[in-house]
Every structure is written in structure tokens, then in C-alpha cells.
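J.: Encoded as C-alpha cells, here's the structure I'll be asking about.
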Amino acid sequence: MNQALTITALPYSPDPLGIFAGLRARPGAVLLDSGRPIATGRFDIISSDPLATLEVAHHGVASIASDQLNPPAHLANDAFALQQWLLDQLNIPNKTSELPFLGGLIGYWGYDLGRTLSIQSSQACPVTLPQSRLGLYDWCITLDHMAQQAWLIATPQRREQVKSWLTKTPEPTSAFTLTNTFKAELSHTQYVARFNAVQRYIRAGDCYQINLAQRFYADYQGDEWQAYLQLRKATPTPYSGFMAWGDKAVLSLSPERFIQCSNGEVETRPIKGTRPRGATLEEDQALAAQLLSSTKDRAENVMIVDLLRNDLGRVCQPGSIRVPQLCRLESYPNVHHLVSVVQGTLAGNYTPLALLKAAFPGGSITGAPKIRAMQIIDELEPCQRSVYCGSLGYVDVRGSMDTSIAIRTMVAEAGRLHVWGGGGLVADSQADEEYTETLDKIRHLIGALE
1 MNQALTITAL PYSPDPLGIF AGLRARPGAV LLDSGRPIAT GRFDIISSDP LATLEVAHHG
61 VASIASDQLN PPAHLANDAF ALQQWLLDQL NIPNKTSELP FLGGLIGYWG YDLGRTLSIQ
121 SSQACPVTLP QSRLGLYDWC ITLDHMAQQA WLIATPQRRE QVKSWLTKTP EPTSAFTLTN
181 TFKAELSHTQ YVARFNAVQR YIRAGDCYQI NLAQRFYADY QGDEWQAYLQ LRKATPTPYS
241 GFMAWGDKAV LSLSPERFIQ CSNGEVETRP IKGTRPRGAT LEEDQALAAQ LLSSTKDRAE
301 NVMIVDLLRN DLGRVCQPGS IRVPQLCRLE SYPNVHHLVS VVQGTLAGNY TPLALLKAAF
361 PGGSITGAPK IRAMQIIDEL EPCQRSVYCG SLGYVDVRGS MDTSIAIRTM VAEAGRLHVW
421 GGGGLVADSQ ADEEYTETLD KIRHLIGALE
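1 is the number of the first residue of the sequence shown in the UniProt record's numbering; add one for each residue after it.
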């Protein structure tokens with residue numbers, strides 16, 4: 001598909017939500033939201049009406065829904081190869097632009113897609129969203145908050161369509177309300193039993209760190225978009241996103257970048273180490289200082305940095321891996337985090353999707369060593385993670401990519417909302433502290449809706 005693009009300036013708005021509201025009802029509408037006023041947020045990307053939609057079912061078989069594209073049958077068993085094939089169908093002649101996305105794939109890669117790559121699972125599956133859902137988009141609206149500019153990137157035909165969509169009055173949405181309170185899938189006693197099992201595996205030498213999570217759920221009525229608006233107001237984060245289809249939706253308020261690739265330069269920003277925000281300035285500063293001085297949290301972070309150095313090293317140029325930032329404090333509305341940065345240069349024979357496959361899922365939400373950690377997670381967590389701990393993001397036709405780690409993420413399906421909280425367990429972890437951390441990480445999200 002040869003797609004000549006035009007890049008048209010639009011009136012700048014610091015608020016992507018009003019623009020997206022006008023497209024919310026369009027098929028395949030998606031928002032990648034930098035969470036302004038967070039200082040690290042720069043670009044918002046909005047689109048809808050994909051040329052094709054790729055889904056990976058729970059048994060790992062991928063399929064494409066499209067009136068125009070018919071992929072080779074043998075690619076159905078290789079989700080990442082099919083994604084690359086789909087991306088290659090979008091031929092854009094004028095690819096020179098500083099904007100992050102001119103067309104390509106937008107959507108999510110669920111944690112369970114990564115599990116399918118590495119291990120066989122016996123977990124229950126209360127959430128039936130596909131392991132991955134990606135649209136092939138040939139247009140977008142991009143807001144650049146640093147330059148205070150807005151752009152419509154589209155073919156001439158699409159440009160006129162989008163302009164007509166934006167002139168229409170947004171369809172009214174119903175208020176979002178929970179019909180009961182959130183319930184934990186695990187009791188405190190059940191969590192501690194799993195914590196103790198992790199400690200036995202660590203003492204036996206199976207692993208050094210395990211990211212153990214638990215699921216919470218509540219029933220609701222109304223529009224999931226209204227829930228996202230409430231969540232975003234309470235906890236804006238730089239790697240947020242929203243997408244909905246049928247009776248399903250993904251509402252992500254992630255603070256964590258997984259992998260960015262631009263002009264062959266690769267970056268990942270793992271988070272390990274968490275403290276809640278304090279009720280007073282003095283308490284808040286004390287908690288931040290406690291986190292910065294914690295040898296346990298620093299050790300957890302360094303373990304994951306080493307894991308990611310290894311993952312990136314599989315597809316990056318020899319000698320290019322570097323760590324320009326180690327264990328820096330970053331603060332968000334509900335928690336303080338320790339954040340590191342690992343960078344590298346992609347080897348010339350690898351694509352961004354090959355990079356994503358090599359590193360997926362992110363080491364910060366598995367543990368180390370990764371495959372054994374995933375096997376232990378599969379054994380101890382009672383249900384699959386779905387989108388949680390996977391990634392949201394985009395892959396551009398020029399070879400650019402930016403993805404999140406889908407933590408602080410809610411999944412809606414058939415009137416039920418699911419959210420997970422977890423944390424990394426190491427040899428000197430304490431059960432009650434770790435249990436409390438799982439609650440701290442989602443308390444702000446749940447509180448915004450209850």
C-alpha cells in the first residue's frame with residue numbers, strides 16, 4: 001500500500017483528551033498519552049480506523065482482520081514475524097520528519113505473549129483479552145508539548161475524513177461507577193504462602209529475584225473512557241494510554257518506559273525500588289531518602305539493569321551497551337521510584353520488532369534469571385497477567401519504536417475491572433512489607449474510582 005503523506009499543522013492544545021473524545025467512538029480509536037503536566041511527557045499520539053487489526057489468541061495463534069491484506073498462512077504461528085509483515089505493507093515514500101510516528105503499529109503486547117515465547121502455562125485465565133492487539137494505522141494526530149505544536153499526519157483522503165470526524169459533536173458517554181468494591185484475589189495468608197515459596201526458590205539457587213503480583217477486581221457500569229479521565233486526573237504519568245473495543249478496554253497509567261528505539265539508538269528505563277508518598281512534606285522527604293539509601297532496593301535495581309544489559313546485548317552492537325543513569329529517584333503522585341537507564345545501538349541486521357521480541361517481557365516485571373522467574377511466576381500466581389506487565393506503544397514504519405511497561409494498568413471486560421499490583425522479591429525481603437507495597441502501587445488508582 002503506497003501511502004503519500006501530508007503533514008498539516010493544527011491549532012495546538014495542551015489537552016489530548018478533548019481531541020480524543022471526538023474520536024472515541026471510531027473503530028480502533030487509540031490514545032498514547034504523555035500524561036501532561038508530567039515534566040517528562042512530550043508527545044501524545046491519537047488515531048483510529050486502522051487499515052488492519054492483528055490479534056494473538058490465547059493459544060498463541062495470530063490473525064489479521066482486514067479487507068485489504070491477506071498474510072501468508074505460515075506466519076500465524078509467529079506473532080512477531082506477522083507484525084513485521086503487516087508493518088512492511090505500509091509503504092510511505094516521504095518518511096523524513098522529526099515527529100515520532102508517521103504510520104505503523106499501535107496497540108499492546110500482553111505479558112502472556114512473552115510467556116508463550118518462553119514457557120507453557122497452566123494458569124487460569126479470567127480475562128479473555130487477546131495476548132496482543134495491534135492496529136496498522138496510516139494517520140495520526142500528534143501533540144508536541146515541548147514545541148507547543150500539533151500536527152495531522154495523513155494521506156490526503158484520510159486528512160479530509162479526519163477533519164470531518166473532528167467537526168462532529170462527540171457522542172455522549174455514560175458516567176462510570178463501580179457497583180461493588182475491589183476485592184483481592186489472594187488473602188494476606190495466601191500471599192505470604194507464595195512469598196515463602198519464592199524464598200525457598202531463592203535459597204535453592206533457582207533465582208535471585210521474583211516479581212510476584214496479585215490481581216484485584218471490581219464490577220462497574222458506564223463508559224471506561226470516563227474511568228480513564230478520573231484515573232488520569234489522579235495520577236498523570238508519561239507512558240499512559242487508552243484503547244477500547246466491544247466490551248473490552250485497556251486503561252494504562254504507567255510511569256515506566258520499556259524500550260525506545262530511534263535512529264538505531266535504544267533505551268530502556270527499568271523501575272525497581274518503591275516507597276509511598278508521605279502525608280506531609282517532612283514524611284515525604286524522609287521516605288524518599290529512605291529509598292535512596294536502601295541497599296536492598298538498589299540491589300534489586302542493579303540486578304534488573306544487568307538482566308536488561310544482557311537482553312539488549314543480544315541485538316545491539318558489541319560494546320555499545322551503557323548505563324548513563326543508575327538508581328535515580330523519580331517521584332509520582334502516589335509513589336517514589338528508583339529508575340535506571342540502559343542504552344545501546346541496534347545492530348544493523350535487527351529491526352525494532354526483533355529487539356522487542358528479544359527483550360520481551362521486560363525484566364523489571366519478571367525477575368532474574370528471566371525464564372526461570374517466569375516459570376515460578378506461572379506456578380505461584382493464580383491467573384494470567386493479561387495486558388499487565390506487557391507493553392503499550394507504537395512501532396513506526398521508519399524503524400522508530402516506543403513502548404511502556406504496562407504497570408498501573410487496568411483491564412476492563414464485560415463489566416468487570418481488573419488491576420494488578422506487584423513487587424520484586426529478593427532474599428532479604430519481608431513478607432508484610434512486600435504485601436503492603438502491592439497495595440501502595442494501586443491504592444491511588446482504586447481510590448480515584450471508588
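Beta carbons are placed, not taken as given, at the ideal position from N, Cα and C, and that holds for glycine.
How far does the beta strand (DSSP E) with His337 in it extend, from its first residue to its last?
T.: Start and end: 335 to 345.
J.: Return the Cβ separation of Thr268 and Leu253 in integer angstroms, given the expectation that the two are a contact with Cβ distance under 8 Å.
T.: So it is not a contact: roughly 19 Å between Cβ atoms.
J.: For Cys261, count the other beta carbons within 10 Å of its own beta carbon; 16 or more makes it buried, fewer makes it exposed. Which is it?
T.: Result: buried.
J.: Look at the alpha carbon of Ala431 and the alpha carbon of Ala448, and state the distance between them as a whole number of angstroms.
T.: Rounded to whole angstroms, Ala431 to Ala448 spans 27 Å at the Cα level.
J.: Apart from the five residues on each side of it in sequence, which residues of its chain come closer than 6 Å, Cβ to Cβ, to Ala29?
T.: Here the set comprises Leu23, Ser48.
J.: CB-CB under 8 Å to Pro333, same chain, minus the five flanking residues each way: which ones, in chain order?
T.: Here the set comprises Ala234, Thr235, Pro236, Arg277, His444.
J.: Apart from the five residues just before and just after Leu166, which ones in its own chain have a Cβ nearer than 8 Å to its Cβ?
T.: Ile19, Gly22, Leu23.
J.: Going by DSSP in three states, Asp44 sits in which element: helix, strand or coil?
T.: Asp44: strand per DSSP, three-state reduction.
J.: When DSSP labels each residue in this structure, what does Trp225 get in the three-state scheme?
T.: Helix.
J.: Write down the C-beta distance between Arg275 and Gln290 rounded to the nearest angstrom, noting that I regard them as a contact closer than 8 Å.
T.: Confirmed, about 6 Å.
J.: Can you tell me whether DSSP reads Asp402 as helix, strand or coil?
T.: Three-state result, Asp402: strand.
J.: Where in the region 344 to 411 do unbroken runs of the beta strand (DSSP E), each at least 3 residues long, occur, reported from the N-terminal end onward?
T.: Segments of the beta strand (DSSP E) lying fully in the region 344 to 411: 391 to 396, 401 to 404.
J.: Pick out the complete alpha helix (DSSP H) segments inside the region 212 to 264, 4 residues or longer, and give them in chain order.
T.: List check, alpha helix (DSSP H) in window: 224 to 234.
J.: From what residue to what residue does the alpha helix (DSSP H) around Tyr108 run?
T.: Where Tyr108 is concerned, there is no enclosing alpha helix (DSSP H), although the beta strand (DSSP E) it sits in stretches over 104 to 109.
J.: In this structure, what does DSSP give as the bridge partners for Trp420?
T.: DSSP, once it has assigned bridges, lists Arg215 as partnering Trp420.
J.: Alpha carbon to alpha carbon, what distance is there between Thr280 and Gln149?
T.: Going by the C-alpha atoms only, they are around 37 Å apart.
J.: For the candidate residues His58, Ser97, Asp223, whose alpha-carbon lies nearest to that of Ala25?
T.: For Ala25, the nearest C-alpha among the options comes from Asp223.
J.: Comparing alpha-carbon positions, which option in Leu178, Pro11, Tyr217 lies nearest Glu185?
T.: Cα-wise, what sits closest to Glu185 is Tyr217.
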